[in-house]
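S.K.: Encoded as structure tokens, here's the structure I'll be asking about.
In structure tokens:
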């Protein structure tokens, strides 16, 4: 049967409707008083029983959602309304999750599900207002209006015949240009003419697949054609930096000669990489892994392990998705991160660390001031943030540094920039040339029309029609699938089967597979498809995400495919390596592509360009003084420091590029991976933003070896000088690393270039100047850029362009014990400045910077430094305020410092350091300048500027004033909780519940923990390590659902394994991406299936224990195992977990109080014990009525509660981070054997989260293992 189902939140859960109403009423001419939002599911070919199951537990949470009678739809459609659905071919995670969840409760179902939204408004809403709302809610790139008039299964599209070009060989240049424009090709006319000449020699016309593949293969995105253009003449017309440019151009030629490249073309690529080439020649970059395969920077590092030092590969990569994010922010930003992950993942490394940098126009600009053909800046920013964070949060990647730059030029096109760090044991990675007879296997996601033309689209400038025409170019991410690939490649036995690997990013099969070997036969009809109807062209260039291509020996192919199946992944043989010297593609028996590798590798027509280096702003002859005052924040000795007063300081703190972005940053999971050394915000109040991402490497059992990544870029300098901007990007990145305790002489760089489309010699001169600055900085610091990515399409029509953008990422390795936080501890401290005194022309004083970085390293090694922060936007004073806020550390500035230094305009590269009061820092050499700034002062609650005090409450308000307009801070007041939820009440503890001794026991067999891995689980490794650290053994059990047979098999196997386990632990994650519209539904339906529910109940009855953390807690509550211990007792009024009160993800540290010890999980705790633990969730709000809450408290079933600074349970945010009723963070079953909690104690171990005071292990894992050990021991003795 076919059925349309409507789901709406119950009245007490309609916060999203209220929030949307508020947003819509900010639109011009819109007045919404009454809004009803429905999730619509069109279900086809389902049985009545399946419809019943869908409405019972798959499409809704009965405690949160109502099923709206279908007959009500006609009445609703008489009111002003809007239906929204995805365009055909766009990935719909909600519908996909609904289908998978239905397959769990109804194996072998033939049902098809499609989802949509329906918004119904007040009857007097005008048609003009509805049009405005429609434009806001529908991005034409991905969605369109839904027609509710009929319920019809969308037709399967017919395979479109390939176009033919019978006259191609005879076309003249004008006709070739007409063809190029008609097909929206990214290649140049010269490229197309070259193709014509090639096919004349082949004596045939090209197929449509060949033309499209060449357009993709040679695109700027894939082959960096702009960066590969030969610069035949570089004329230096600069007045301000003429001598610098002459010197650097000469140095470039010298390095080219050193490397034997004097006869190679001079290109932007050569300029950007020549310094690192020369360092490798000199032996200064011996740590770099050099291979034809590597898609990411890769270096050898020594890692501390339980077995001593071991050789590992550290990989890092940066990636932009500017064009996709501009036109479809959520999808573009999510796949920016997905693409960044896949590059090092293809190198068989585990990605564990991420940064996200973005750039926008003023996001506080009113929507009505949006440029024609553009989305509003605030909407791009919020949706892109949601997209990037959603992908990272789902796949389980700690994102510990996030920053958005603001500049009016980014209204032309947004910058969406992700950077990741990954690592793997050297022994797991095999790099070999593919050999004839080897096979290529494609694994992961299926292929659809999403992303077709993405590579070529990203190579084009943006114009007014991009939103209307570029929908297919935006890829759709599926982090659940990519997580499965991560798990597969983490296995050493699987990784060692792979000779070579490439990820499916830009260009699809044509590039991802085409790059693997010189000679290949590819069978497009073998590619698994999302749906029927794709023709060979679409299959060849689709950029559907989460796919990998691996080359293996043909004898290993089946073993690899079987291993993929074990991780719930599809894998099929796609191609064979041959010795023909040609790339060939077949669709069945039809050959649709047959190209010479030599021709492919030409990368198109040879391009040449003249370059003129010219100052952005003309410098008059009598204005020499102006030319020596850079906007780098130079503390010029010739000018007296400005008089500081409270309002001047607050005005600087209000600047968007200087202010706090906490409401945005808090949406990114920063603690997953059991590796976070510095949380993004430090201090007891978590208000001191850190400037560096620091994670320990993913070594089983943990390590103190950490990777540090920092970024540098100044949009202010970009306006002043591309050369200074390029040089200072390195200075800033290295200064941040130095301030975090790293040895910058052992750092590596990777860079991101983003410029307007170059059209004239003068415009070409802009990236040349930036790269000359980069060359100079690399040379002076002897730190090489071993990777990078360029994007040369930052233009909107011919009128608006992005500012010159070169972002440097600096990466280093250090011991976590040596890592410094930028957060000032609550101690008596002396504060100093290592000031950077820039040269007269504003360029960096490299000798001084090298000396300062070395001195700081020495002092830190001696244990003298308590905190350090690199000075960036806002100067020294801003740096001090940001460092002090976290622990509310008062500061009294020295009168001499106020008189001698411009504390609001300090040069980039300067560093503020804090040492214990009275400490004398050893002399570090003649080039080191150390300026005393002042001391901490516990008697003040702000920063004293002589007689004037800037209160921290004022400073914090100023810092947060800009971005909180768009990204609200998670802070609100609430009424005091009732006494029953605040007061501690001791409960009688039975021996069977509290259990056993706290001494470590050694039974005949170890305590065994079973950890099921569901689609979307992402915390299994963290949880396993926490149990293993407590002495248990662990076992993963993957629940596979790619076929109904596998699902049935794994369900039976789960039940069997449960019989041999002592603890069942359901880890955190996003079950099927927390879809359909709600968390953990897949897991909850699994747990409540009759056989599984009976097995779990029997498991607990045998005195075994069950734990659910975050997503696992949601599953236990939604299944009824909590709070009842029995799913049969679940009712529509039972407690549940739902969306956070602020309707967004929250990642931070929360303080919880132990409210009962009536459980083996809590046996070592005392009533009222406090724990600071990471929380990270979007649906963590515990919802319960007062009657049930009273019963839970009276029965001693409330395990943990969120508390405020006074250690009292609270409803106020951020102490109660999600708005949980009665501050409940975790509960237990009546017998205490089942524990569920939202917080993540498994993510902490000693040495992590160093910037969070008083954080320690919450040892529920040790408690459980000791309890089970005593039970096992007793059983052995019996």
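In our numbering, the protein residues as written are 9 to 1286.
For every residue, glycine included, the Cβ atom is placed at its ideal position computed from N, Cα and C.
Please state whether the Cβ-Cβ distance between residue 794 and residue 305 is less than 8 Å.
M.R.: For the purposes of this step, residue 794 is taken as residue 786 along the chain shown, with counting starting at 1. For the purposes of this step, residue 305 is taken as residue 297 along the chain shown, with counting starting at 1. Closer than 8 Å, so yes.
S.K.: Enumerated in chain order, which unbroken segments of the beta strand (DSSP E) with a length of 3 residues or greater are wholly contained in the region 229-262?
M.R.: Counting whole runs of 3 or more residues, the region 229-262 contains the beta strand (DSSP E) stretches 238-244.
S.K.: If you run the structure through DSSP and keep just helix, strand and coil, what is residue 564?
M.R.: Here residue 564 corresponds to residue number 556 of the chain shown, with the count starting at 1. DSSP places residue 564 in helix when its eight states are reduced to three.
S.K.: Closest to residue 1051 by CA distance: which of 939, 13 and 577 is it?
M.R.: One-based indexing of the chain shown puts residue 1051 at position 1043. For residue 1051, the nearest C-alpha among the options comes from 577.
S.K.: Leaving out five residues before and five after residue 7 in sequence, what residues of the same chain have Cβ atoms less than 6 Å from its Cβ?
M.R.: Nothing about residue 7 can be read from this structure; the chain reaches only from 9 to 1286.
S.K.: Measure from the alpha carbon of residue 508 to the alpha carbon of each residue in 329, 356 and 65, then state which is nearest.
M.R.: Within the chain shown, residue 508 is the residue found at index 500, counting from 1. The shortest C-alpha separation from residue 508 is found at 356.
S.K.: Please classify residue 599 as buried or exposed, where buried requires at least 16 other C-beta atoms within 10 Å of its C-beta.
M.R.: The count along the chain shown starts at 1 and reaches residue 599 at position 591. Per the 10 Å Cβ criterion, exposed.
S.K.: When the distance is taken between beta carbons, is residue 547 closer than 8 Å to residue 487?
M.R.: Within the chain shown, numbered from 1, the residue matching residue 487 stands at position 479. Within the chain shown, numbered from 1, the residue matching residue 547 stands at position 539. It is not a contact, given that the beta carbons lie outside the stated cut-off.
S.K.: Just the Cα atoms here: how many angstroms apart are residue 1269 and residue 141?
M.R.: As a working note, residue 1269 is residue 1261 in the chain shown. As a working note, residue 141 is residue 133 in the chain shown. Cα to Cα, the separation comes out at about 51 Å.
S.K.: Report the three-state DSSP secondary structure of residue 27 (helix, strand or coil).
M.R.: For the purposes of this step, residue 27 is taken as the residue at position 19 of the chain shown. Three-state DSSP puts residue 27 in a helix.
S.K.: Give every residue of the same chain whose Cβ lies closer than 7 Å to the Cβ of residue 358, excluding the five residues on either side of it in the sequence, and list them in chain order.
M.R.: Walking along the chain shown from the start, residue 358 turns up at place 350. If we look at residue 358 and ignore the five residues flanking it on each side, its Cβ neighbours are 430, 431, 432, 494, 498 and 706.
S.K.: What are the boundary residues of the beta strand (DSSP E) that residue 900 is part of?
M.R.: Within the chain shown, residue 900 is the residue found at index 892, counting from 1. Element bounds for residue 900: 899-901.
S.K.: For a test of the three-state rule: what should DSSP assign to residue 1043, helix, strand or coil?
M.R.: Here residue 1043 refers to the residue found at position 1035 when the chain shown is read from its first residue. Strand.
S.K.: Taking the C-alpha atoms as reference points, what is the distance between residue 857 and residue 917?
M.R.: Reading the chain shown from its first residue, position 849 is the one you call residue 857. Reading the chain shown from its first residue, position 909 is the one you call residue 917. About 7 Å.
S.K.: Could you pull the start and end residues of the beta strand (DSSP E) that residue 1166 belongs to?
M.R.: In the chain shown, counting from the first residue as 1, residue 1166 sits at position 1158. Taken as a continuous stretch (DSSP letters only), residue 1166 belongs to no beta strand (DSSP E), as it is neither H nor E.
S.K.: Do the CB positions of residue 1117 and residue 1016 come within less than 8 Å of each other?
M.R.: Taking the chain shown and counting its residues from 1, one reaches residue 1117 at position 1109. Taking the chain shown and counting its residues from 1, one reaches residue 1016 at position 1008. No. Outside cutoff.
S.K.: What does a CB cutoff of less than 6 Å around residue 418 pick up in its chain, not counting 5 residues either side in sequence?
M.R.: Against the chain shown, residue 418 aligns to sequence position 410. Only 367, 368, 369 and 810 meet the Cβ criterion.
S.K.: DSSP beta-bridge partners for residue 823?
M.R.: Start at 1 with the first residue of the chain shown, and residue 823 comes out as number 815. According to DSSP, residue 823 bridges with 713.
S.K.: What residue does the alpha helix (DSSP H) around residue 510 start on, and which one ends it?
M.R.: Indexing the chain shown from 1 puts residue 510 at position 502. Here residue 510 belongs to no alpha helix (DSSP H); instead the beta strand (DSSP E) covers 506-511.
S.K.: Just list the alpha helix (DSSP H) runs in the region 1113-1201, keeping only unbroken ones of 4 residues or longer that don't cross its boundaries, in chain order.
M.R.: You should have 1119-1127 and 1129-1132.
S.K.: Alpha carbon to alpha carbon, how far is residue 1168 from residue 1271? Give it in angstroms, no decimals.
M.R.: Reading the chain shown from its first residue, position 1263 is the one you call residue 1271. Reading the chain shown from its first residue, position 1160 is the one you call residue 1168. Rounded to the nearest angstrom, the two C-alpha atoms are 6 Å apart.
S.K.: Let me know if residue 521 comes out buried or exposed under the rule of 16 or more other beta-carbons within 10 Å of its beta-carbon.
M.R.: The residue labelled residue 521 in the question sits at position 513 within the chain shown. Buried, by the Cβ-count rule.
S.K.: Terminal residues of the continuous alpha helix (DSSP H) containing residue 108?
M.R.: Reading the chain shown from its first residue, position 100 is the one you call residue 108. Its alpha helix (DSSP H) spans residues 101-113.
S.K.: Output the distance between the C-alpha atoms of residue 1105 and residue 1063, rounded to the nearest integer angstrom.
M.R.: On the chain shown, position 1097 is the one that residue 1105 refers to. On the chain shown, position 1055 is the one that residue 1063 refers to. Their Cα atoms are separated by approximately 11 Å.
S.K.: Mind checking whether residue 1155 and residue 679 have CB atoms under 8 Å apart?
M.R.: Sequence index remark: in the chain shown, residue 1155 carries index 1147 (1-based). Sequence index remark: in the chain shown, residue 679 carries index 671 (1-based). Contact: yes.
S.K.: Does residue 34 come out as helix, strand or coil in the three-state DSSP assignment?
M.R.: For the purposes of this step, residue 34 is taken as residue 26 along the chain shown, with counting starting at 1. Residue state, collapsed to three classes: coil.
S.K.: Are the beta-carbon atoms belonging to residue 762 and residue 813 less than 8 Å from one another?
M.R.: Residue numbering aside, residue 762 sits at position 754 when the chain shown is read from its first letter. Residue numbering aside, residue 813 sits at position 805 when the chain shown is read from its first letter. For residue 762 and residue 813, yes; Cβs fall inside 8 Å.
S.K.: According to DSSP, which residues form a beta bridge with residue 818?
M.R.: Taking the chain shown and counting its residues from 1, the one referred to as residue 818 is at position 810. Answer by DSSP bridge pairing, in chain order: 718 and 757.
S.K.: Helix, strand or coil: which one does DSSP assign to residue 429?
M.R.: Translated into positions along the chain shown, residue 429 becomes position 421. Here residue 429 sits in strand by DSSP.
S.K.: Can you check which of these residues, 327, 615 and 742, is closest to residue 424 by C-alpha distance?
M.R.: Residue numbering aside, residue 424 sits at position 416 when the chain shown is read from its first letter. Closest by alpha carbon: 327.
S.K.: Return the first residue and the last residue of the alpha helix (DSSP H) that residue 1246 is part of.
M.R.: On the chain shown, residue 1246 is found 1238 positions in, with the first residue counted as 1. Premise fails: residue 1246 is in no alpha helix (DSSP H) and is neither H nor E.
S.K.: Look at the alpha carbon of residue 657 and the alpha carbon of residue 686, and state the distance between them as a whole number of angstroms.
M.R.: Residue mapping note: residue 657 aligns to position 649 of the chain shown, counting from 1. Residue mapping note: residue 686 aligns to position 678 of the chain shown, counting from 1. Straight-line Cα distance between these residues: approximately 28 Å.
S.K.: In the DSSP assignment, find the alpha helix (DSSP H) that holds residue 1065 and state where it starts and stops.
M.R.: By 1-based counting over the chain shown, the position of residue 1065 is 1057. Segment 1052-1066, the alpha helix (DSSP H) holding residue 1065.
S.K.: Less than 8 Å between the CB atoms is what I'm expecting for residue 782 and residue 850, so what's the real figure, rounded?
M.R.: What you label residue 782 is simply residue 774 of the chain shown in a count that begins at 1. What you label residue 850 is simply residue 842 of the chain shown in a count that begins at 1. About 16 Å separates the two Cβ atoms, so there is no contact after all.
S.K.: Could you name the residues that DSSP lists as bridge partners for residue 617?
M.R.: As a working mapping, residue 617 is identified with position 609 in the chain shown. In DSSP, residue 617 forms a bridge with 239.
S.K.: In terms of alpha-carbon separation, which member of 615, 921 and 1153 lies closest to residue 746?
M.R.: The residue you call residue 746 lines up with position 738 of the chain shown. Closest by alpha carbon: 921.
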